[in-house]
Structure formats: C-alpha cells, structure tokens
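Chain order of the listed sequences is A and B.
Residue 259 in UniProt numbering sits at position 259 of the first sequence; the count goes up by one each step and never skips.
Residue 48 in UniProt numbering sits at position 48 of the second sequence; the count goes up by one each step and never skips.
Think of the CB as a built atom: it goes at the ideal place given N, C-alpha and C, for glycine as much as any other residue.
The structure presented is a predicted model; accordingly, all values stated were derived computationally and were not measured.
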Amino acid sequence: MATDTASVAKQAEISRHNGNVAFKKERLGAAIDAYTEAITLCPDVAVYWSNRALCYFKRKDWERVEQDCRNVIQLDGSSVKARYMLGLALLEREDFAGGIKELEKAFDLERSTNPDGDMVEDVWQALAKAKYLEWELSSSKRAWRLQKLKDECESALILHQSLQDPQSEDGSQASSDDKVDQFELLNEVFSKALEDDTPSEVPDYLCCNITLDIFQDPVITPSGFTYEKAVLLEHLEKVGNFDPITRQPLDKDELIPNLAIKGAARAFLKEHGWAYKTNPAF
Amino acid sequence: MTSSSASPRKALSKIACNRLQKELVEWQVNPPAGFKHRVTDNLQRWIIDVIGAAGTLYANETYQLQVDFPEHYPMEAPQVIFVPPAPLHPHIYSNGHICLDILYDSWSPAMTVSSVCISILSMLSSSTVKQRPEDNDRYVKNCKNGRSPKETRWWFHDDKV
Chain A
1 MATDTASVAK
11 QAEISRHNGN
21 VAFKKERLGA
31 AIDAYTEAIT
41 LCPDVAVYWS
51 NRALCYFKRK
61 DWERVEQDCR
71 NVIQLDGSSV
81 KARYMLGLAL
91 LEREDFAGGI
101 KELEKAFDLE
111 RSTNPDGDMV
121 EDVWQALAKA
131 KYLEWELSSS
141 KRAWRLQKLK
151 DECESALILH
161 QSLQDPQSED
171 GSQASSDDKV
181 DQFELLNEVF
191 SKALEDDTPS
201 EVPDYLCCNI
211 TLDIFQDPVI
221 TPSGFTYEKA
231 VLLEHLEKVG
241 NFDPITRQPL
251 DKDELIPNLA
261 IKGAARAFLK
271 EHGWAYKTNP
281 AF
Chain B
1 MTSSSASPRK
11 ALSKIACNRL
21 QKELVEWQVN
31 PPAGFKHRVT
41 DNLQRWIIDV
51 IGAAGTLYAN
61 ETYQLQVDFP
71 EHYPMEAPQV
81 IFVPPAPLHP
91 HIYSNGHICL
101 DILYDSWSPA
111 MTVSSVCISI
121 LSMLSSSTVK
131 QRPEDNDRYV
141 KNCKNGRSPK
151 ETRWWFHDDK
161 V
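Structure representation (structure tokens):
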C-alpha cells in the first residue's frame, strides 16, 4: 500500500513536469490536461492547482481561475500567487470588493515574507488599480444620486418660494435677494458634498520628495524629513550616505518608520479614491 | 551640434517614468518663472527655453536647455546642457556644457528639473562678466569625441559667481 501511494505521487510529479514543459512551449491545452492528471492523482498538492490556475489565467477563463485558486487557498492559505490570480479574476468579473480583499491579503502576505521582491510592486499596482476602479464606479453613482437630489431640491425650493410669496408687495426686493441666496447656498452645499470625489492634488505633506507620490511606507530621518522607505534605501546605497534634502550624513540604521504619516496617507486614500491613480499607465 | 548626448541611452525605468510624469504635471501647473518647456512626446528629453532675468547681463536673451534623463533617474542626475549658442558665462563652455556641482557630484534625488532650472538661472543672474571659462578651448577640444559632461572630471570653479 505504501509503495502504491509513493508511486501515485511519483506519477503525479511526472504529470506536473509534463505540464510545465507544455506550459513553457505555450501549449496551454496540453499543460491543463497534464495538471488535471496530477490533480486527479494527488488532489492535496496545492501547486498542481495553482499551475493549472495559471493556465486558465492565460486563457482568461476567469471562472476556472477562481475555482482552482480557491482550492489552492484551502490547501495553502499563504499562497500569494493564488490570492493574486483570484483577486484579478474577481476584478475581471467586476466583483470589486472580493477582488480587493484577495489582493490586500496577497499584498500583506508578500510584503511580510518577501518585501524586496518584484511581486510586491506588481501586487500593489493591481491593488491600486482595483481601488481606483472601485472608486470610479462608486463616485459616479454618488454623483448621479446627488445630482438627482439637487434637481429635486431646486424644484421644491421654486415651488416653496412661489407658494410663500404669491404676489410682490412691499419689501419684495429683500425677499428676492433671499431667494437668490437660498439657491446659491443650495449649490454650495451640493458642491461641498462632491468635493472629496473631485480629483485634485495630493497634499505635499503626504508625498515623498523623491517619488513625488503619496506615501506607502514612510520613514523619517534625524533631520525631520520623511521619505518613501524603498527609494530612500536605494538613494543611500547608490547616491550616497546623506539626507537628500539637508545633505546631512545619514545611515540606514537611523531611519524610523513614520507611522503618523502612514496613517494619514491611508486615511486620505480612503476618502479620496482618485488618489490611487498613481501610475499614469492605467 | 548637441549630438554629444546621442550616446545610446537605455529606456527610462518604471520609477523614472512615474516620477517624470509627475514632474511634468507639476511643471504645467506651476512652471518656474523664466522657463518654458517645449512640449514634445519625448519624456526622456526635455527642451526648455530660458529667458534671461530682467536687470541682469542676460536680460531679454533667450537660450535653450536640453535635459536628458538616465534610466535610473532620479537616482542619477539628468544631463543638462545649453543648446549652442550657449550664453557667455564664466562657467558655461561654448559647447553648452555647464560647470555646476548639483548636476554632477552634488546631485540629490530630492532635486527636480524645476529646481535645477532655478539654480541655472540664478547662476546666470549672478554673473558680473560675459566671458567663457579660461580653459574653454582646451575643454571643448577634449569633448570633440562626443563626450557627455557627466563624464567630465569637474573641478568646480568657485561657487561665488
């Protein structure tokens, strides 16, 4: 019996290998068949599912990507790749909340285990794009509802004013001024309500002087200036051991996470989803 | 000609691209006084008109700066030269190369095209005499093979002018 299990596992590994070879040659159909064989033999091996998911991903078969990734996550909750592919598949199917949830998990996992890899940046870009799309959708809904409400308020106000003031008498000048005021105020209230949703500039104090982008992982130097950690480390390594603004000597051991600014940047992004559009490429 | 900078250049990195896009937007919203960026679709080379400040030796004169960005900008300084004819100035060579420390050894990634431009204009404005650097001919001859100013071993003229 023991030898049976071992030989089944061995057979599954051979299928996986065949799948990998086919995948490299971009023969996705053959790769999927091979991985399916491996899965049938040993359904408890997460990598067989995630390899097949990647094939479906290339084929943009989002439903199957989702199924396979969910199986991977059940077997191995720490799989960044599965959460990343699942997140993107859900986004493709316009499940923004679900996609963002998976990408956030992927981002946190990857940042804690492999903070210097390329994957962190890729996951972050996907997450930022998802958040931006989500904001775009919800803000246009909000704008539409507010516009409708504003139109109704205006008609109601016109009606109200005409009922209150059936004919002009003494002091009609003052009351017509009041009427204009009311309309102006109404306008003001509604444009205020749309302010957070109007793309503008991220305040300078939330942006790194090197990336010119909103902070993700800010660190403060002894000079009191705050920079994006990754780019400041690159500066210390490649340009020199000095604070980029003050030019005072600076060692990487002197950097301290700036949690207050990190919190402020996060809060700003929450209220102003448009600020996720950091990358002009999307 | 300015073919000195036409040495094969690598495409901008993702970080460099992002940062330059942001600088360009910032420049359009808030351009430094006395400068005009000639809009092109080339993010890696900016051509900027410089107008000499009123009340200085270069008042009403217009020059052109050519700014080329390396792959790893802003971890590396941009290459900034005047397109000849370059202004007559004790720190500016006739081939357009500029002797200014922040463009070479004293570069910092916290600087921007805008801040570099302002430094160059202030260098022009504080000049008291319109003349070439003493070693102009020797230097320009040495650059004949198309050398970039970033390859020059600069010994900086005094910082006062």
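Please confirm if alanine 54 of chain B has its CB atom under 8 Å from at least one CB of chain A.
Start at 1 with the first residue of the second sequence, and residue 54 of chain B comes out as number 54. Judged by the 8 Å Cβ criterion, alanine 54 of chain B is not in contact with chain A.
List, in chain order, every chain A residue whose beta-carbon is nearer than 9 Å to that of glutamate 23 of chain B.
Reading the second sequence from its first residue, position 23 is the one you call residue 23 of chain B. Result: Leu212.
For the stretch 241-256 of chain A, which residues have a beta carbon sitting closer than 8 Å to at least one beta carbon of chain B?
Cβ contacts with chain B come from Phe242, Pro244, Ile245 and Arg247.
Beta-carbon proximity list for tyrosine 58 of chain B, same chain, < 7 Å, skipping 5 on both sides
On the second sequence, residue 58 of chain B is found 58 positions in, with the first residue counted as 1. Once the five neighbours on either side are set aside, the close Cβ partners of tyrosine 58 of chain B are Gly52, Pro87 and Leu124.
Please list, in chain order, the chain A residues whose beta carbon lies closer than 7 Å to that of proline 74 of chain B.
Taking the second sequence and counting its residues from 1, one reaches residue 74 of chain B at position 74. Those within 7 Å of proline 74 of chain B in chain A are Ile210.
Would you grab the beta carbon distance between leucine 146 of chain A and phenylalanine 190 of chain A for me? Rounded to a whole angstrom, and I think it's under 8 Å.
Position 146 of the first sequence, counted from the first residue, corresponds to residue 146 of chain A. Position 190 of the first sequence, counted from the first residue, corresponds to residue 190 of chain A. Yes, they are in contact, since the Cβ atoms of leucine 146 of chain A and phenylalanine 190 of chain A sit about 6 Å apart, within 8 Å.
For lysine 36 of chain B: DSSP bridge partner residues:
Looking up residue 36 of chain B in the second sequence gives position 36. Residue pairing of lysine 36 of chain B in beta bridges, as defined by DSSP: B/Asp49.
Output yes if chain B places a C-beta closer than 8 Å to the C-beta of lysine 238 of chain A; else output no.
As a first step, residue 238 of chain A must be located in the first sequence, where it is residue number 238. By this cut-off, lysine 238 of chain A is an interface position.
Measuring straight from C-alpha to C-alpha, what distance separates asparagine 42 of chain B and lysine 10 of chain B?
In the second sequence, the residue the question calls residue 42 of chain B occupies position 42. In the second sequence, the residue the question calls residue 10 of chain B occupies position 10. Distance between the alpha carbons of asparagine 42 of chain B and lysine 10 of chain B: 14 Å.
Please list the segments of the alpha helix (DSSP H) lying wholly inside the UniProt domain "U-box" (201-275) of chain A, counting only runs of 4 or more residues, in order along the chain.
With a minimum length of 4 residues, the unbroken runs of alpha helix (DSSP H) contained wholly in the UniProt domain "U-box" (201-275) of chain A fall at 229-238 and 259-271.
With respect to the alpha helix (DSSP H) encompassing phenylalanine 96 of chain A, which residues constitute its N-terminal and C-terminal limits?
Taking the first sequence and counting its residues from 1, one reaches residue 96 of chain A at position 96. Where phenylalanine 96 of chain A is concerned, the enclosing alpha helix (DSSP H) stretches over 96-113.
By the criterion of Cβ-Cβ separation under 7 Å, what are the contact partners of alanine 110 of chain B in chain A?
Your numbering for residue 110 of chain B matches position 110 in the second sequence. Chain A residues near alanine 110 of chain B: Asn209, Ile210, Pro244 and Ile245.
Apart from the five residues on each side of it in sequence, which residues of its chain come closer than 8 Å, Cβ to Cβ, to phenylalanine 23 of chain A?
The residue given as residue 23 of chain A occupies position 23 in the first sequence. Closer than 8 Å at the Cβ level, and outside the excluded window around phenylalanine 23 of chain A, lie Ala31, Asn51, Leu54 and Cys55.
Strand pairing of leucine 159 of chain A, partner residues [DSSP]
Indexing the first sequence from 1 puts residue 159 of chain A at position 159. According to DSSP, which records beta bridges pairwise, leucine 159 of chain A is partnered with nothing at all.
Rounded separation between isoleucine 23 of chain B and valine 113 of chain B - CA only:
The residue labelled residue 23 of chain B in the question sits at position 23 within the second sequence. The residue labelled residue 113 of chain B in the question sits at position 113 within the second sequence. Checking the sequence, you will find glutamate at residue 23 of chain B rather than isoleucine. For glutamate 23 of chain B and valine 113 of chain B, the gap between their C-alpha atoms comes out near 8 Å.
Sort B/Leu121, B/Phe69, B/Cys143 and B/Val25 by Cα distance to alanine 54 of chain B and report the nearest one.
Here residue 54 of chain B refers to the residue found at position 54 when the second sequence is read from its first residue. Taking each of B/Leu121, B/Phe69, B/Cys143 and B/Val25 in turn and checking the Cα distance to alanine 54 of chain B, the smallest one comes out for B/Leu121.
Grab me the residues of aspartate 251 of chain A's own chain with a C-beta within less than 7 Å of its C-beta, minus the 5 sequence neighbours each way, in chain order.
Taking the first residue of the first sequence as 1, we reach residue 251 of chain A at position 251. Once the five neighbours on either side are set aside, the close Cβ partners of aspartate 251 of chain A are Asn241.
Would you decide whether proline 84 of chain B is buried or exposed? Buried here means 16 or more other CB atoms lie within 10 Å of its CB.
As a position in the second sequence, residue 84 of chain B is number 84, starting the count at 1. Flag for proline 84 of chain B reads exposed.
Closest by CA to glutamate 254 of chain A, which one among A/Glu271, A/Ile261 and A/Tyr227?
On the first sequence, residue 254 of chain A is found 254 positions in, with the first residue counted as 1. When only C-alpha atoms are compared, the closest one is A/Tyr227.
Backbone CA spacing between leucine 206 of chain A and phenylalanine 35 of chain B [nearest angstrom]
As a first step, residue 206 of chain A is located in the first sequence; it is residue number 206 there, counting from the start. As a first step, residue 35 of chain B is located in the second sequence; it is residue number 35 there, counting from the start. Looking at the two C-alpha atoms, the distance is approximately 28 Å.
What does DSSP give as the partner residues of glutamine 79 of chain B in its beta bridges?
Indexing the second sequence from 1 puts residue 79 of chain B at position 79. Its beta-bridge partners are B/Asp68.
Does chain A have any CB closer than 8 Å to the CB of residue 223 of chain B?
With chain B represented from 1 up to 161, any question about residue 223 of chain B goes unanswered, as that position is not in the structure.
Thinking C-beta only, is glutamate 134 of chain A closer than 8 Å to phenylalanine 96 of chain A?
Walking along the first sequence from the start, residue 96 of chain A turns up at place 96. Walking along the first sequence from the start, residue 134 of chain A turns up at place 134. Contact flag set, yes.
Using CA atoms only, rank isn't needed, just tell me which of B/Thr56, B/Ser127, B/Ser126 and B/Val116 is closest to tryptophan 27 of chain B.
Here residue 27 of chain B corresponds to residue number 27 of the second sequence, with the count starting at 1. The candidate whose alpha carbon is nearest that of tryptophan 27 of chain B is B/Val116.
Under the rule that 16 or more other beta-carbon atoms within 10 Å means buried, what is isoleucine 256 of chain A, buried or exposed?
For this step, residue 256 of chain A is matched to residue 256 along the first sequence. It counts as exposed.
Quick one: residues in its chain with C-beta nearer than 6 Å to the C-beta of arginine 45 of chain B, no 5 flanking neighbours on either side, listed in chain order?
As a position in the second sequence, residue 45 of chain B is number 45, starting the count at 1. Excluding residues within five positions, the ones whose Cβ falls inside 6 Å are Asp68.
Glycine 99 of chain A vs leucine 88 of chain A beta-carbon contact at 8 Å
Along the first sequence, one-based indexing puts residue 99 of chain A at 99. Along the first sequence, one-based indexing puts residue 88 of chain A at 88. In this structure, leucine 88 of chain A lies closer than 8 Å to glycine 99 of chain A by Cβ.
Of all the CB atoms in chain B, is at least one closer than 8 Å to the CB of histidine 235 of chain A?
Your numbering for residue 235 of chain A matches position 235 in the first sequence. Yes - at least one Cβ of chain B is within 8 Å of the one on histidine 235 of chain A.
From A/Asp61, A/Trp62 and A/Ala82, pick the residue whose C-alpha is nearest to that of asparagine 71 of chain A; which is it?
Taking the first residue of the first sequence as position 1, residue 71 of chain A is located at position 71. Of the candidates A/Asp61, A/Trp62 and A/Ala82, the one whose C-alpha sits nearest the C-alpha of asparagine 71 of chain A is A/Ala82.
Could you compute how far the alpha carbon of serine 155 of chain A sits from the alpha carbon of leucine 149 of chain A?
The residue labelled residue 155 of chain A in the question sits at position 155 within the first sequence. The residue labelled residue 149 of chain A in the question sits at position 149 within the first sequence. Cα-Cα distance, rounded: 10 Å.
Restricting to Cα atoms, I'd like to know which of B/Tyr63, B/Asn136 and B/Trp107 is closest to serine 94 of chain B.
Your numbering for residue 94 of chain B matches position 94 in the second sequence. Residue B/Asn136 is the option with its Cα nearest to serine 94 of chain B.
With the cut-off set at 8 Å, would you say alanine 110 of chain B and histidine 72 of chain B are in Cβ contact?
Taking the first residue of the second sequence as 1, we reach residue 110 of chain B at position 110. Taking the first residue of the second sequence as 1, we reach residue 72 of chain B at position 72. It is not a contact, given that the beta carbons lie outside the stated cut-off.
Where does glutamate 102 of chain A land, buried or exposed, given buried means 16+ other C-beta within 10 angstroms?
Counting from 1 along the first sequence, the entry for residue 102 of chain A is found at position 102. Result: buried.
Would you kindly work out how many angstroms separate the C-alpha atoms of arginine 266 of chain A and threonine 152 of chain B, rounded to a whole number?
Here the question's residue 266 of chain A lines up with position 266 in the first sequence. Here the question's residue 152 of chain B lines up with position 152 in the second sequence. The straight-line gap from Cα to Cα measures roughly 45 Å.
With DSSP as the reference, please indicate the residues paired to isoleucine 92 of chain B in a beta bridge.
Along the second sequence, one-based indexing puts residue 92 of chain B at 92. B/His89 and B/Ile98.
Given leucine 259 of chain A as reference, the closest of A/Ile220, A/Ala38 and A/Ala130 once Cα atoms are compared:
Counting from one through the first sequence, the residue named residue 259 of chain A turns up at place 259. Considering only alpha carbons, the answer is A/Ile220.
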